[in-house]
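Participant: Residue 0 is where the sequence shown starts when you use numbering that gives the first Met the number 0, and the numbers rise one by one after that.
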Amino acid sequence: MSDLLIKLSVASLFIPLLGFIVVLFLGKRLKKLFLFEVVLLGVNTLISIYIVIIKLAYFPAEKFVSEFTWINFASFSKYVPAVQFDLGVMLDNVTVIMLFVVNLISFLVHLFSIEYMHGDKRYSRYFAYLGLFTFSMLGIVLTHNLLMIYIFWELVGVSSYLLIGFWFEKWSAANASKKAMLMNRVGDTGLLLGILILFTNYGTFTFDKIFEQIAAGNLPFGSYAWLTAAGILIFMGAVGKSAQFPLHLWLPDAMEGPTPVSALIHAATMVAAGVYLVARVFVMLTADALLFIAVIGAITSFIAATIAFTQNDIKKVLAYSTVSQLGYMIMALGVGAYAYAFFHLVTHAFFKACMFLGSGSVIHAMHHEQDIRQMGGLRKKLPITYWTFLIATLAISGVPFTSGFLSKDGILLATLAFGNLTGHWLIPIIAYSVAGMTAFYMFRLVYLVFWGEPRNQHKYDHAHESPAVMTIPLIVLSALSVFWWYSLNPIDPSNGVFLEKVKTPNSIVPDVQRFQFMINDKAEKIGEYITHSELYMETLHHFHYTALLMSLVLAGLGIFFATYIYIMNKVNPDEIAEKIKPVYLFSLNKWYLDEFVQKVFVNSALKFSKALAWFDLNIVDGIVNGSAFVLRNISAIGGWIDKYIVDGLVNFVADMTSIFGRLFTQIQTGKVQNYVLYAIFSVVILFTIIKLF
Numbered sequence: 000m001s002d003l004l005i006k007l008s009v010a011s012l013f014i015p016l017l018g019f020i021v022v023l024f025l026g027k028r029l030k031k032l033f034l035f036e037v038v039l040l041g042v043n044t045l046i047s048i049y050i051v052i053i054k055l056a057y058f059p060a061e062k063f064v065s066e067f068t069w070i071n072f073a074s075f076s077k078y079v080p081a082v083q084f085d086l087g088v089m090l091d092n093v094t095v096i097m098l099f100v101v102n103l104i105s106f107l108v109h110l111f112s113i114e115y116m117h118g119d120k121r122y123s124r125y126f127a128y129l130g131l132f133t134f135s136m137l138g139i140v141l142t143h144n145l146l147m148i149y150i151f152w153e154l155v156g157v158s159s160y161l162l163i164g165f166w167f168e169k170w171s172a173a174n175a176s177k178k179a180m181l182m183n184r185v186g187d188t189g190l191l192l193g194i195l196i197l198f199t200n201y202g203t204f205t206f207d208k209i210f211e212q213i214a215a216g217n218l219p220f221g222s223y224a225w226l227t228a229a230g231i232l233i234f235m236g237a238v239g240k241s242a243q244f245p246l247h248l249w250l251p252d253a254m255e256g257p258t259p260v261s262a263l264i265h266a267a268t269m270v271a272a273g274v275y276l277v278a279r280v281f282v283m284l285t286a287d288a289l290l291f292i293a294v295i296g297a298i299t300s301f302i303a304a305t306i307a308f309t310q311n312d313i314k315k316v317l318a319y320s321t322v323s324q325l326g327y328m329i330m331a332l333g334v335g336a337y338a339y340a341f342f343h344l345v346t347h348a349f350f351k352a353c354m355f356l357g358s359g360s361v362i363h364a365m366h367h368e369q370d371i372r373q374m375g376g377l378r379k380k381l382p383i384t385y386w387t388f389l390i391a392t393l394a395i396s397g398v399p400f401t402s403g404f405l406s407k408d409g410i411l412l413a414t415l416a417f418g419n420l421t422g423h424w425l426i427p428i429i430a431y432s433v434a435g436m437t438a439f440y441m442f443r444l445v446y447l448v449f450w451g452e453p454r455n456q457h458k459y460d461h462a463h464e465s466p467a468v469m470t471i472p473l474i475v476l477s478a479l480s481v482f483w484w485y486s487l488n489p490i491d492p493s494n495g496v497f498l499e500k501v502k503t504p505n506s507i508v509p510d511v512q513r514f515q516f517m518i519n520d521k522a523e524k525i526g527e528y529i530t531h532s533e534l535y536m537e538t539l540h541h542f543h544y545t546a547l548l549m550s551l552v553l554a555g556l557g558i559f560f561a562t563y564i565y566i567m568n569k570v571n572p573d574e575i576a577e578k579i580k581p582v583y584l585f586s587l588n589k590w591y592l593d594e595f596v597q598k599v600f601v602n603s604a605l606k607f608s609k610a611l612a613w614f615d616l617n618i619v620d621g622i623v624n625g626s627a628f629v630l631r632n633i634s635a636i637g638g639w640i641d642k643y644i645v646d647g648l649v650n651f652v653a654d655m656t657s658i659f660g661r662l663f664t665q666i667q668t669g670k671v672q673n674y675v676l677y678a679i680f681s682v683v684i685l686f687t688i689i690k691l692f
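1. Take Phe281 and list the residues in its own chain whose beta-carbon comes closer than 7 Å to its own, dropping the five residues that flank it on each side.
2. With DSSP collapsed to three states, give me the class of Gln243.
3. To the nearest angstrom, how far is the alpha carbon of Ile566 from that of Asp573?
4. Between Ile148, Glu577, Ala610 and Ala127, which has its C-alpha nearest Leu161's C-alpha?
5. Here's a check: name, in chain order, each residue in its chain whose Cβ is nearer than 6 Å to the Cβ of Phe449, leaving out the five neighbours to either side.
6. Look up Ile490 in the DSSP assignment and say whether it is helix, strand or coil.
7. Helix, strand or coil for Tyr674 per DSSP?
8. Would DSSP call Phe542 helix, strand or coil?
9. Within 8 Å, do at least three Cβ pairs link the segment 125 to 145 to the segment 287 to 294?
10. Assign Gly118 to buried or exposed, taking buried as 16 or more other Cβ atoms, counted over all protein chains shown, within 10 Å of its Cβ.
11. For Ser105 and Val155, what's the separation of their Cα atoms in angstroms?
12. Which whole runs of the alpha helix (DSSP H) in the segment 544 to 623 are 4 residues long or more, in chain order?
13. Return the first residue and the last residue of the alpha helix (DSSP H) that Phe13 is part of.
14. Just confirm the distance between the C-beta atoms of Ala297 and Ala430, as a whole number of angstroms; I'd bet it's less than 8 Å.
15. Mind checking whether Gly273 and Ser241 have CB atoms under 8 Å apart?
16. Could you check how far apart the C-beta atoms of Leu246 and Met182 are, in whole angstroms? I think they sit under 8 Å.
17. State the start and end residues of the unbroken alpha helix (DSSP H) segment that holds Ser360.
18. If you drop the 5 nearest sequence neighbours on each side, which residues of the same chain put their C-beta closer than 7 Å to that of Lys177?
19. Among the residues of its own chain, which have a CB less than 7 Å from the CB of Asp370, if the five just before and after it don't count?
20. Within the same chain, show all residues whose beta-carbon is closer than 8 Å to that of Lys208, passing over the 5 residues directly before and after it, in chain order.
21. Under DSSP, the beta strand (DSSP E) around Ser65 begins and ends at which residues?
22. Is it the case that the Cβ atoms of Val468 and Ile113 are separated by a distance below 8 Å?
23. Does DSSP put Phe696 in a helix, a strand or coil?
24. What are the boundary residues of the alpha helix (DSSP H) that Leu197 is part of?
25. If we ignore side chains and look at the alpha-carbon of each, how far apart do Pro15 and His363 end up?
26. Is the distance from the Cβ of Ile292 to the Cβ of Val277 below 8 Å?
27. Give the DSSP bridge partners of Met89, in chain order.
28. Within the chosen definition, does the segment 322 to 330 reach the segment 451 to 471 through at least 3 CB pairs nearer than 8 Å?
29. On a CA-only basis, which of Leu284, Met536, Val475 and Leu548 is nearest Lys407? Give me that one, please.
30. With DSSP collapsed to three states, give me the class of Asp370.
31. Please report the distance separating the alpha-carbon of Thr421 from that of Tyr591.
32. Answer yes if the segment 7 to 14 comes into contact with the segment 36 to 50, meaning at least three C-beta pairs across the two stretches below 8 Å, and no otherwise.
33. Does Asp119 come out as helix, strand or coil in the three-state DSSP assignment?
34. Please go through the same chain and pick out, in chain order, the residues whose beta-carbon is closer than 8 Å to the beta-carbon of His543, but skip the five residues on each side of it.
35. So which of Val398, Val652 and Met254 has the shortest CA-CA distance to Ser358?
36. Would Glu61 be called buried (16 or more neighbouring beta carbons within 10 Å of its own) or exposed?
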């Protein structure tokens with residue numbers, strides 16, 4: 000059975016690649032060929048459903064691995080060891096769940112796109128790019144080593160570049176794709192360095208082999224500091240892909256791509272790759288690395304939530320919501336809540352994809368209008384879109400009986416336990432504040448789009464519900480946002496089917512560093528850290544109902560204030576904005592972070608490049624051109640000497656020889672009597688000279 004599951008997973012990996020190749024090269028000739036890609040993704044989804052059911056039902060505790068040697072460099076001296084690169088597939092519970100999530104959402108996005116992208120001049124190319132992205136993302140999910148992750152990591156980057164800039168004739172789309180690519184390069188550089196640290200020390204990219212050596216006490220360069228550095232550098236890849244502070248600025252701009260792309264890449268799969276990567280290396284992260292990760296996640300979630308308050312583009316609100324929720328997942332990993340972080344990754348994938356596709360349905364109905372200030376009252380025109388969007392909104396707001404309540408409540412509980420054990424109370428304070436803010440800005444979005452009176456009557460009059468090919472994906476995703484798929488207990492998911500299959504693994508970091516939480520005076524002291532075992536679990540149980548009550552109160556307050564302002568109309572939001580105008584503008588302008596990056600980094604880079612260009616032109620080229628000038632003049636002088644002195648002397652000798660030769664030709668007549676006469680004449684002259692002197 001393990002062989003069958005491995006073969007099916009490999010087939011699932013390459014099926015989207017087949018669709019990409021066929022549709023890309025033949026799509027223009029065969030207009031309906033895009034359906035081939037859609038059918039392939041449907042088959043892939045069925046394969047992934049079969050794999051996840053069989054694996055979780057019959058082999059929940061087992062891990063299947065299949066690998067082969069890709070490249071083998073033999074040692075050619077005693078100083079250079081042999082190097083072997085292995086590629087392979089690993090199936091554990093996390094892998095098969097992600098395999099299902101990626102394939103299902105990709106298939107639903109393909110289905111939704113049939114109508115949404117209808118009439119686009121690059122229709123078939125769009126579906127080909129979706130297939131390439133799905134192949135790339137599945138490669139990250141299925142691999143068992145860091146080398147394959149890095150290969151497919153870059154393929155995901157290429158795919159996102161192509162899809163974000165799909166409408167490249169628009170400057171905004173072209174710039175957004177470049178921005179995404181460049182900012183991800185920063186994070187990917189850190190990822191590459193982290194991978195190289197591990198490979199340099201362990202000679203392998205395979206997760207299990209690296210983890211075995213770390214568990215045995217073989218640390219990179221013999222130092223905990225290097226292990227911490229390796230973990231943080233690998234996390235930098237997640238900072239880029241999962242849009243964490245300070246590399247989060249690319250994600251909202253990426254909304255320039257088609258809306259289904261936003262659902263696939265920037266809500267459910269690509270941005271989840273960073274969280275998935277951190278989860279994969281979770282067991283080797285030291286306490287310092289985890290604390291760093293928790294802080295970055297908390298900062299990201301807070302900044303993005305405050306920005307989402309004031310955005311008026313429906314996709315921008317959802318984009319910043321995504322950034323904030325990704326911060327939640329990263330923060331959860333940092334505080335040790337591995338299982339809840341992955342749980343929220345899965346639930347968020349479904350309800351956020353539902354919201355993005357729902358926004359696509361709204362934009363489609365409003366003739367590509369994205370400003371929520373031009374909407375209103377659409378629940379009457381788009382009932383299916385409204386109810387599915389509302390269910391997804393309830394889920395992200397943490398309302399009971401939804402999937403989001405189960406996963407977010409677990410994260411909030413973990414931050415509360417972390418604060419109690421470590422004294423880092425700012426992290427749970429941020430986490431709970433963001434929970435309340437999320438409920439507020441998401442219901443603000445719902446009320447402004449679907450409630451109230453139409454603010455653009457013309458577009459409202461022409462609005463209508465989307466066709467079935469667009470609403471069916473919404474229904475499926477909203478259904479997956481309800482609690483019973485994950486736990487039959489709508490309050491406590493700890494004994495539910497999901498968390499029974501996904502457990503937080505024990506750290507493999509040896510000695511005191513295996514204890515993942517710094518202590519305070521209240522906690523049991525073991526070296527410098529608190530064990531991620533009994534004490535941590537006891538604290539979680541102790542704060543369960545406290546965390547539950549606090550999350551409900553904050554979510555309720557967020558929904559109440561949104562209702563109070565936008566439905567009951569007790570307060571005019573424009574008046575509030577005017578009273579706190581500096582704060583409002585600070586949020587509206589996204590903390591001026593884009594401007595900061597532009598001035599500090601982009602402009603500095605441009606100035607530095609101009610300085611280098613000046614140095615190259617005036618110094619380097621000046622030296623080269625000056626040398627050429629000097630050498631040219633020296634050669635000119637040398638040429639003059641050669642021409643007039645050397646050649647002149649040679650020519651003078653030749654000319655004189657020629658002159659004397661011509662003179663002697665007059666004497667050299669060939670007649671004997673002349674020669675006798677010359678001889679006699681010479682003797683007479685010689686005799687005369689002798690007599691005279």
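Ideal Cβ positions, reconstructed from N, Cα and C, are used throughout, including at glycine. From a predicted model like this one, the values you see are computed outputs, not experimental measurements.
Facilitator: Let's see:
1. Leu332, Tyr337 and Pro504
2. coil
3. 15 Å
4. Ala127
5. Leu377, Arg378 and Tyr385
6. coil
7. helix
8. coil
9. no
10. exposed
11. 14 Å
12. 572 to 578, 580 to 587, 592 to 596 and 602 to 613
13. Ser1 to Leu25
14. 7 Å
15. yes
16. 5 Å
17. Tyr337 to Ala364
18. none
19. Asn311 and Asp312
20. Tyr201
21. Phe63 to Phe72
22. yes
23. No information on residue 696 is available, as it lies outside the stretch 0 to 692 that the chain covers here.
24. Trp170 to Tyr201
25. 27 Å
26. yes
27. Val64
28. no
29. Leu548
30. strand
31. 33 Å
32. yes
33. coil
34. Leu412 and Asp491
35. Met254
36. exposed
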